[in-house]
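> Residue numbers (this note's numbering), protein chains in the order written: chain A, 2 to 188; chain L, 2 to 188.
Just so you know, even glycine gets a beta-carbon here, dropped at the ideal spot from N, CA and C.
From a predicted model like this one, the values you see are computed outputs, not experimental measurements.
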DNA sequence: TTTGTTCTAGAAAAAATGTTCTATTATGGG
DNA sequence: CCCATAATAGAACATTTTTTCTAGAACAAA
């Protein structure tokens with residue numbers, strides 16, 4: 002049914018990440034050049050620049066969240082630690098998506114002019130994360146602010162010390178763990 | 002000696018921060034409108050868009066560093082803690098500069114095309130910070146990576162949970178302190 | 001007051017960027 | 001083999017954004 006597509010979304014998203022890191026901004030011309038895809042194809046698939054940016058953002062957020070929620074739900078000796086360590090692992094294993102999440106600005110990636118269905122989807126994902134964190138905080142009898150700091154703020158702050166210039170070292174996990182455990186310990 | 006200037010750098014930098022937060026990007030037209038300054042004046046003072054961005058970035062970095070280095074040098078019961086708490090304080094007391102540092106991308110603010118003297122100045126500032134952190138790590142006999150995480154990564158990750166949408170709450174300091182102390186404790 | 005200097009003002013020009021459009025290519029089904 | 005469909009390609013077009021340029025305003029010193 003029709004001509005098959007000649008490139009993956011993933012390839013374009015990687016180009017977006019690359020531009021974000023190299024030039025600090027996403028120009029369509031730079032994306033097409035990097036990904037080796039024509040402007041016509043970009044518009045055919047994503048509709049507009051806004052659509053492309055929103056798609057890249059959504060893809061990265063969803064991929065991260067899948068791992069994060071799974072880790073948060075899995076039973077552990079130290080509840081929450083696995084979830085905190087998802088961030089550095091994600092940065093090592095899915096560099097492109099991690100770069101979009103760490104160096105992309107939300108207001109720029111998912112602007113007011115982005116397709117409404119995509120904005121809705123993002124809101125849904127955010128609500129899901131929020132609910133999961135609140136449930137965790139309740140179960141553990143810890144303040145929500147501290148849980149957010151431990152599971153998101155600290156790991157993100159940690160990997161940003163390296164990205165986008167350097168790879169996230171394995172040794173970072175031990176330091177993250179130390180900080181996270183201190184935050185997730187009740188008094 | 003010539004006509005006096007009718008606006009402060011600060012006013013323009015605040016407009017840059019505002020654009021960064023509101024639109025996720027810095028358009029000169031938006032800056033001139035927000036700051037109430039003509040394009041002619043912007044070019045007269047900053048030379049180009051790149052020059053303006055570099056100036057705003059440099060101003061924010063320098064302001065932060067002044068406080069950070071002072072705190073790091075001041076004697077304390079818990080060495081380094083005061084330095085870690087500079088970040089949330091900076092976000093409360095110098096919001097515009099904090100927004101530039103937290104939401105601006107370095108590659109965009111200080112691009113390759115920025116004035117060479119400004120790029121040099123930034124390199125000098127970075128070298129200064131690096132040296133201070135290394136000295137601190139040596140004195141405290143702690144790994145440099147852990148010191149960087151404690152004094153920069155954690156506080157930055159913490160305030161980013163709030164900025165740019167919300168104010169950084171006072172209660173955050175206690176949580177940051179907890180995490181930082183666990184990282185700065187040997188063994 | 002005149003002169004020299006520095007700054008502001010904003011429209012015009014130039015450059016860069018995003019979008020549309022038509023032609024073309026690749027695939028499957030009738 | 002021909003048709004319908006769906007995708008690619010890239011030049012032409014439209015829009016947006018940056019930059020330049022000329023005129024004029026504010027101030028100090030002579």
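1) Could you check the C-alpha separation between residue 119 of chain A and residue 111 of chain A for me, to the nearest Å?
2) Using beta carbons (cut-off 9 Å, strictly below), is residue 170 of chain A in contact with chain L?
3) If the cut is a Cβ gap below 9 Å, which residues of chain L does residue 104 of chain A touch?
4) Under 8 Å, with one C-beta from each stretch per pair, do the stretch 6 to 26 of chain L and the stretch 91 to 104 of chain A reach the 3-pair mark?
5) Less than 7 Å between C-beta atoms, sequence neighbours within five positions excluded: which residues of the same chain meet that for residue 105 of chain L?
6) Compare the C-beta of residue 182 of chain A with all C-beta atoms of chain L and state if any pair is closer than 9 Å.
7) Kindly list, in the order they appear in chain L, the residues whose Cβ is closer than 8 Å to that of residue 155 of chain A.
8) Compute the beta-carbon to beta-carbon distance between residue 89 of chain A and residue 185 of chain A, rounded to the nearest angstrom, for a pair I have assumed lies under 8 Å.
9) Whose C-alpha, out of L/161, L/169, L/176 and L/81, is nearest the C-alpha of residue 140 of chain L?
10) I'd like to know if residue 146 of chain L contacts chain A, where contact means its C-beta is closer than 9 Å to some C-beta of that chain.
11) Taking CB distances under 9 Å as the criterion, tell me whether residue 29 of chain L reaches chain A.
12) Would you say residue 66 of chain A faces chain L, with C-beta separation under 9 Å as the test?
13) Taking Cβ positions, are residue 38 of chain A and residue 154 of chain L nearer each other than 9 Å?
14) Which stretch, first to last residue, makes up the alpha helix (DSSP H) that contains residue 95 of chain L?
15) For a contact defined as C-beta to C-beta under 7 Å, what are the partners of residue 149 of chain L on chain A?
16) Under the rule that 16 or more other beta-carbon atoms within 10 Å means buried, what is residue 54 of chain L, buried or exposed?
17) Per DSSP, what kind of secondary structure is residue 12 of chain A in: helix, strand or coil?
18) Counting only beta-carbon separations shorter than 9 Å, does residue 39 of chain L have a partner in chain A?
19) Against chain A, does residue 124 of chain L count as a neighbour if the rule is that its beta carbon must be under 9 Å from one of theirs?
20) Give me the Cα-Cα distance between residue 96 of chain A and residue 29 of chain A, rounded to the nearest whole angstrom.
21) With a floor of 4 residues, list each alpha helix (DSSP H) that falls wholly inside the stretch 115 to 187 of chain A, ordered by position along the chain.
22) Let me know the secondary structure DSSP gives residue 4 of chain A once reduced to three states.
23) Taking only the alpha-carbon atoms, compute the straight-line gap between residue 158 of chain L and residue 150 of chain A and give it to the nearest angstrom.
24) Residues in the same chain with beta-carbon distance under 8 Å from residue 52 of chain L, minus the five sequence neighbours each way, listed in chain order, please.
25) Out of L/187, L/56, L/164 and L/24, which one is the CA nearest neighbour of residue 13 of chain L?
26) When you compare the CB positions of residue 60 of chain A and residue 10 of chain A, do they come within less than 9 Å of one another, or not?
27) Using a Cβ-Cβ cut-off of 7 Å (strictly less than) and excluding sequence neighbours within five positions of residue 147 of chain A, which residues of its own chain qualify?
28) Need the endpoints of the alpha helix (DSSP H) that residue 81 of chain L sits in, please.
29) Tell whether a beta-carbon distance below 9 Å holds between residue 130 of chain A and residue 70 of chain A.
30) Hey, is residue 52 of chain L's beta-carbon within less than 9 Å of any beta-carbon in chain A?
31) Quick check: what's the CA-CA separation for residue 132 of chain L versus residue 62 of chain L?
32) Mapping DSSP to helix, strand and coil, what is residue 42 of chain L?
33) Label residue 109 of chain L either buried or exposed according to how many other C-beta atoms from any shown protein chain fall within 10 Å of its C-beta, with 16 as the threshold for buried.
34) Starting from residue 54 of chain A, trace the alpha helix (DSSP H) in both directions and tell me its first and last residue.
35) Name the chain A residues that come within less than 7 Å of residue 26 of chain L, Cβ to Cβ?
36) State the start and end residues of the unbroken alpha helix (DSSP H) segment that holds residue 110 of chain A.
For this structure:
1) Position 118 of the first chain, counted from the start, is the residue given in the question as residue 119 of chain A. Position 110 of the first chain, counted from the start, is the residue given in the question as residue 111 of chain A. Distance between the alpha carbons of residue 119 of chain A and residue 111 of chain A: 8 Å.
2) Indexing the first chain from 1 puts residue 170 of chain A at position 169. At least one chain L Cβ lies under 9 Å of residue 170 of chain A.
3) Along the first chain, read from residue 1 onward, the residue named residue 104 of chain A stands at position 103. Residues of chain L passing the Cβ test: 106 and 108.
4) no
5) As a first step, residue 105 of chain L must be located in the second chain, where it is residue number 104. Counting only Cβ-Cβ distances below 7 Å, and skipping sequence neighbours, we find 21 and 58.
6) Position 181 of the first chain holds residue 182 of chain A. Yes, residue 182 of chain A lies at the interface with chain L (some Cβ there is under 9 Å from its Cβ).
7) Numbered from 1 along the first chain, position 154 holds the residue referred to as residue 155 of chain A. 154, 155, 158, 159 and 180, listed in chain order.
8) Stepping through the first chain from its first residue, residue 89 of chain A is reached at position 88. Stepping through the first chain from its first residue, residue 185 of chain A is reached at position 184. Residue 89 of chain A to residue 185 of chain A, Cβ: 17 Å. No contact.
9) On the second chain, position 139 is the one that residue 140 of chain L refers to. When only C-alpha atoms are compared, the closest one is L/81.
10) If you number the second chain from 1, residue 146 of chain L lands on position 145. Closer than 9 Å to some Cβ of chain A, the Cβ of residue 146 of chain L qualifies, so yes.
11) On the second chain, position 28 is the one that residue 29 of chain L refers to. Closer than 9 Å: no.
12) In the first chain, the residue the question calls residue 66 of chain A occupies position 65. Chain L contact via Cβ: absent.
13) For the purposes of this step, residue 38 of chain A is taken as the residue at position 37 of the first chain. For the purposes of this step, residue 154 of chain L is taken as the residue at position 153 of the second chain. No, the pair does not count as a contact, with Cβ atoms beyond the cut-off.
14) Position 94 of the second chain holds residue 95 of chain L. It is not in any alpha helix (DSSP H) - residue 95 of chain L carries neither H nor E in the DSSP assignment.
15) On the second chain, residue 149 of chain L is found 148 positions in, with the first residue counted as 1. The answer, in chain order, is 162.
16) Numbered from its first residue, the second chain carries residue 54 of chain L at position 53. So residue 54 of chain L counts as buried.
17) Within the first chain, numbered from 1, the residue matching residue 12 of chain A stands at position 11. In this structure, residue 12 of chain A counts as helix in the three-state DSSP scheme.
18) For the purposes of this step, residue 39 of chain L is taken as residue 38 along the second chain, with counting starting at 1. Taking Cβ atoms only, chain A never reaches closer than 9 Å to residue 39 of chain L, which makes this a no.
19) Taking the first residue of the second chain as 1, we reach residue 124 of chain L at position 123. With 9 Å as the cut-off, residue 124 of chain L does not count as an interface residue toward chain A.
20) Locating residue 96 of chain A in the first chain gives position 95, counting from the first residue. Locating residue 29 of chain A in the first chain gives position 28, counting from the first residue. Going by the C-alpha atoms only, they are around 21 Å apart.
21) 117 to 141, 145 to 149, 155 to 160 and 173 to 185
22) Within the first chain, the letter at position 3 stands for residue 4 of chain A. Here residue 4 of chain A sits in coil by DSSP.
23) Residue mapping note: residue 158 of chain L aligns to position 157 of the second chain, counting from 1. Residue mapping note: residue 150 of chain A aligns to position 149 of the first chain, counting from 1. Approximately 8 Å, taken between the alpha carbons.
24) Position 51 of the second chain holds residue 52 of chain L. If we look at residue 52 of chain L and ignore the five residues flanking it on each side, its Cβ neighbours are 115, 116 and 119.
25) Numbered from 1 along the second chain, position 12 holds the residue referred to as residue 13 of chain L. That would be L/56, whose Cα lies nearest to the Cα of residue 13 of chain L.
26) One-based indexing of the first chain puts residue 60 of chain A at position 59. One-based indexing of the first chain puts residue 10 of chain A at position 9. Going by C-beta atoms, residue 60 of chain A is nearer than 9 Å to residue 10 of chain A.
27) Taking the first residue of the first chain as 1, we reach residue 147 of chain A at position 146. Closer than 7 Å at Cβ, skipping near neighbours: 184.
28) Walking along the second chain from the start, residue 81 of chain L turns up at place 80. Run containing residue 81 of chain L: none; DSSP gives neither H nor E here.
29) For the purposes of this step, residue 130 of chain A is taken as residue 129 along the first chain, with counting starting at 1. For the purposes of this step, residue 70 of chain A is taken as residue 69 along the first chain, with counting starting at 1. Yes, the pair counts as a contact, with Cβ atoms nearer than the cut-off.
30) Taking the second chain and counting its residues from 1, the one referred to as residue 52 of chain L is at position 51. It does not; no Cβ of chain A falls within 9 Å.
31) By one-based count along the second chain, residue 132 of chain L stands at place 131. By one-based count along the second chain, residue 62 of chain L stands at place 61. Taking the straight line joining both Cα atoms gives about 16 Å.
32) Within the second chain, numbered from 1, the residue matching residue 42 of chain L stands at position 41. Here residue 42 of chain L sits in helix by DSSP.
33) On the second chain, residue 109 of chain L is found 108 positions in, with the first residue counted as 1. The residue is buried, with at least 16 neighbouring Cβ atoms inside 10 Å.
34) To locate residue 54 of chain A, count along the first chain from 1; it is residue 53. Looking at the DSSP string, the run of the alpha helix (DSSP H) that includes residue 54 of chain A is 50 to 74.
35) Here the question's residue 26 of chain L lines up with position 25 in the second chain. Correct list: 109.
36) Residue 110 of chain A sits at position 109 when you count from the first residue of the first chain. Residue 110 of chain A -> alpha helix (DSSP H) spans 107 to 110.
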